[in-house]
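Heads up, the sequence shown is in my numbering, so the first residue is -15 and it goes up one at a time.
Glycine residues also receive a C-beta, built at the ideal position from the N, C-alpha and C atoms.
On a predicted model such as this, the values are computed, not experimentally measured, just so you know.
Worksheet: the structure to be examined is printed underneath.
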Amino acid sequence: MSIPDSAKARQAIRTTLLAAYDSGALWGEADPTWPLPAGMARGEDRHLAYLTLVFGLSGGRDPVPLWQAARQTAVTDPELFAPQFLAYAKPADFADRLQQPGIARKKSDVTVWQRLGQALVMRAGGSVRQLLDDHAYDAPALLAMLQESKTTFPVLSGPQTVPRWLHGLAQAGDQPIKGADRLPVPVSKAASRALNAFMIDGDKVSAEIFPALDALGRLGCKRRPSNQPTCPVASVCPVAAYCQYGNS
């Protein structure tokens, strides 16, 4: 077992963990934001609106079923992902359509979904790409704008959601957003569990590593009871060599 007491060791963890996440080696989970809804082209305005709306509801949710439900619904009910429709529709016209597939779990989710559609129409004519262009595709500038527009972009402007959204637009949406991968994200409970396993202190990580670290904490580190000195899934964990609870 190697403890990350150096920048070199931390870089090794980062490289190994990102590769495992990209390949699905973290107990079958890979980036759920990456697969496209059928008939949708990566990076087109429809796709960027889809990413924006779903990221707005993603905080604290299990990402796999949320994105799976959204991906399927974007095909069967594409109107739900159209900012122009959301901007002028009545919530009663689409609330059940969001709740039945499991995208929205409560009334406030429906409100957030509509408010995001309205914000995109008000600020950028319904185009996420226009919003990005208006801020020169610069992540810090977009972050600052959203932090000053919390009532306009509810939830999406939150400290954990906005950097994940911008990184998602850059990664899954194939947008050239400068600095998106380096934006700091406050750690989730699961990500904190994983950092503890690596004996790394910190309450923020980069937007690039957050999804993989969160998945590791949810799917792997969570399986170790607090009174056990060795993780029961260490033998199949791709980063066990760097974990204080891995097999020595």
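Do you know how far the Cα of residue j is from the Cα of residue i?
| i | j | result |
| --- | --- | --- |
| G101 | A224 | 43 Å |
| S(-14) | G12 | Since pLDDT at S(-14) reaches only 48, below the 50 mark, its modelled position is unreliable, and the value read off the structure follows with that caveat. Near 25 Å, if we compare the C-alpha coordinates of G12 and S(-14). |
| G230 | C215 | 6 Å |
| L20 | R26 | 7 Å |
| V189 | Y72 | 38 Å |
| T0 | M106 | 42 Å |
| F78 | T17 | 23 Å |
| L37 | F65 | 7 Å |
| G109 | A218 | 50 Å |
| V96 | L41 | 8 Å |
| T145 | Q212 | 33 Å |
| A181 | G163 | 28 Å |
| G43 | G23 | 27 Å |
| P222 | A4 | 7 Å |
| A76 | D6 | 39 Å |
| V91 | E132 | As written in the sequence, residue 91 is Lys, which differs from the Val given in the question. Those two C-alpha atoms are separated by around 25 Å. |
| A(-9) | V94 | 44 Å |
| V171 | F137 | 21 Å |
| P143 | S111 | 23 Å |
| H119 | I161 | 10 Å |
| Q83 | T57 | 11 Å |
| F39 | R207 | 27 Å |
| S210 | R89 | 31 Å |
On a Cα-Cα basis, can you pick out the residue from the options that is closest to residue i?
| i | options | result |
| --- | --- | --- |
| A191 | G44, T136, Q155 | Q155 |
| P98 | D118, R113, T135, A123 | Going by the sequence as given, residue 98 is Gln instead of Pro. Cα-wise, what sits closest to Q98 is T135. |
| P67 | L115, D80, Q83 | L115 |
| A45 | V220, Q56, K173 | According to the sequence shown, residue 45 is Arg rather than Ala. Checking every option, the nearest Cα to that of R45 belongs to K173. |
| P85 | A(-4), K74, S92, W51 | W51 |
| V59 | E132, R81, S(-10) | R81 |
| L179 | Y226, V220, P49 | Y226 |
| L153 | R207, Y121, K206 | Y121 |
| G8 | V48, K74, I161 | V48 |
| A(-7) | M183, D198, Q159, S210 | M183 |
| R(-2) | D198, V139, Q159 | D198 |
| Q159 | Q(-5), D117, A128 | D117 |
What do you reckon, are the CB atoms on residue i and residue j nearer than 9 Å?
| i | j | result |
| --- | --- | --- |
| A54 | I87 | yes |
| D165 | S176 | no |
| P195 | D15 | yes |
| G204 | H31 | no |
| D185 | R113 | no |
| L2 | I193 | yes |
According to DSSP, which residues form a beta bridge with residue i?
| i | result |
| --- | --- |
| E13 | L10 |
| G169 | It is Val, not Gly, that sits at residue 169 in the sequence shown. BP columns for V169 point to V189. |
| K(-8) | According to DSSP, which records beta bridges pairwise, K(-8) is partnered with nothing at all. |
| D122 | K162 |
So residue i and residue j are in contact, right, with Cβ under 8 Å, and what is the actual spacing, rounded?
| i | j | result |
| --- | --- | --- |
| D150 | S141 | According to the sequence displayed, residue 150 carries Leu and not Asp. About 11 Å; that fails the 8 Å criterion. |
| L247 | A123 | The structure shown does not extend to residue 247, since the chain spans only -15 to 232, so no value can be given for it. |
| V169 | R148 | 6 Å |
| L10 | L200 | 6 Å |
For chain D, is any of its Cβ atoms less than 9 Å away from the one on residue i?
| i | result |
| --- | --- |
| A53 | The structure shown contains no chain D; it is built from a single protein chain. |
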